[in-house]
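Note sheet for the following structure.
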Amino acid sequence: MANTRSRWSLVIGKNAVRWSLVIGGRQNDDLALRKGDLRRFLSSARPARDVAAWDDLIKTVPADATLTEVQDYLVADNADQRHAVLSSIYERLGQGAPPEEGEPGLRVLTMHGAKGLQAKVVFIPCLEEYVLPGSGRLPDEGARLLYVSITRARAAVILSYAKHRYYGGKWLGPAESQYCGHLGGPFGTRTVGLAPSDIAAIQSSIVDMQ
Numbered sequence: 011m012a013n014t015r016s017r018w019s020l021v022i023g024k025n026a027v028r029w030s031l032v033i034g035g036r037q038n039d040d041l042a043l044r045k046g047d048l049r050r051f052l053s054s055a056r057p058a059r060d061v062a063a064w065d066d067l068i069k070t071v072p073a074d075a076t077l078t079e080v081q082d083y084l085v086a087d088n089a090d091q092r093h094a095v096l097s098s099i100y101e102r103l104g105q106g107a108p109p110e111e112g113e114p115g116l117r118v119l120t121m122h123g124a125k126g127l128q129a130k131v132v133f134i135p136c137l138e139e140y141v142l143p144g145s146g147r148l149p150d151e152g153a154r155l156l157y158v159s160i161t162r163a164r165a166a167v168i169l170s171y172a173k174h175r176y177y178g179g180k181w182l183g184p185a186e187s188q189y190c191g192h193l194g195g196p197f198g199t200r201t202v203g204l205a206p207s208d209i210a211a212i213q214s215s216i217v218d219m220q
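For the sequence shown, my numbering gives the first residue as 11, with consecutive numbering after it.
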């Protein structure tokens with residue numbers, strides 16, 4: 011479903027003229043009135059196997075949503091953006107908050123790209139001085155980026171740095187970032203990933219968050 015959702019933005023982009031004809035300058039028409047037109051348009055633009063996915067997807071949008079709101083929902087890049095669109099629709103209609111939408115998998119983002127997004131668990135690796143702040147970034151800028159990245163996490167954030175890293179064409183030794191000493195506690199040495207107790211604690215935090 012998530013992969014099918016992400017394709018609708020491309021579908022509309024490639025068929026912008028036809029989409030405009032379907033809407034016909036009536037962006038404030040509601041979904042209930044024009045659902046059949048939209049389904050015929052998208053069915054003609056996508057293979058038959060995606061039609062059922064479209065039917066399931068559109069059930070999550072209130073029937074009183076306008077065509078503009080439907081389009082905003084379809085072209086959203088991820089679950090966070092779709093939830094923001096739905097929240098706006100629900101608020102306009104005087105309804106409660108919409109249910110949160112899960113999006114399976116792991117998202118790999120730059121620190122800049124993570125702005126405005128959230129996740130239950132966030133991993134921030136590479137906290138070495140030559141990476142963050144690095145030679146081309148002021149310390150204050152690096153601190154802001156790290157703050158933004160940490161505050162994306164809703165349940166847990168895992169920060170790490172490597173004792174040795176191949177970087178810039180050569181092996182570099184230990185050089186923990188200047189920020190590591192200001193993150194609330196010492197870093198421990200690990201040769202493997204999270205311990206079962208760590209995973210249990212994170213899962214407990216996720217349950218408490220709900």
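Positions of the beta carbon are idealized from the N, C-alpha and C atoms, including for glycine.
Here the structure is a predicted model, which is why all the values come from computation and not from measurement.
For a test of the three-state rule: what should DSSP assign to Thr120, helix, strand or coil?
coil
Can you look up Arg15 in the DSSP assignment and give me helix, strand or coil?
Caution is warranted here: a pLDDT of 45 is assigned to Arg15, below 50, making its placement in the model unreliable, and no coordinate value can be reported.
From Gln105, Gln128, Arg200 and Val217, residue whose alpha carbon lies closest to that of Glu173:
Note on identity: in this sequence residue 173 is Lys, with Glu being the wrong assignment. Looking only at Gln105, Gln128, Arg200 and Val217, the smallest Cα-Cα distance to Lys173 is reached by Arg200.
Hey, would you say Tyr177 sits closer than 8 Å to Cys190, going by beta carbons?
no
Relative to the alpha-carbon of Ser98, which residue among Arg117, Leu48, Thr76 and Val118 has its alpha-carbon at the smallest distance?
Ranking Arg117, Leu48, Thr76 and Val118 by Cα distance to Ser98 puts Thr76 first.
Gln81 to Gly183, Cα distance in whole Å?
50 Å
Which of helix, strand or coil does DSSP assign to Tyr176?
Looking at Tyr176 - three-state DSSP - the assignment turns out to be strand.
Using only the alpha-carbon positions, how far apart do Gln128 and His93 sit?
11 Å
By a C-beta neighbour count over all protein chains shown, 10 Å radius and 16 as the cutoff for buried, is Asp208 buried or exposed?
exposed
Quickly, what does DSSP pair Thr76 with across the bridge? List them, please.
DSSP, once it has assigned bridges, lists Asp40 as partnering Thr76.
Closest to Leu233 by C-alpha separation, out of Gly195, Ser54, Lys180 and Ala166, would be which residue?
Because the chain spans 11 through 220 in this model, residue 233 falls outside it and cannot be assessed.
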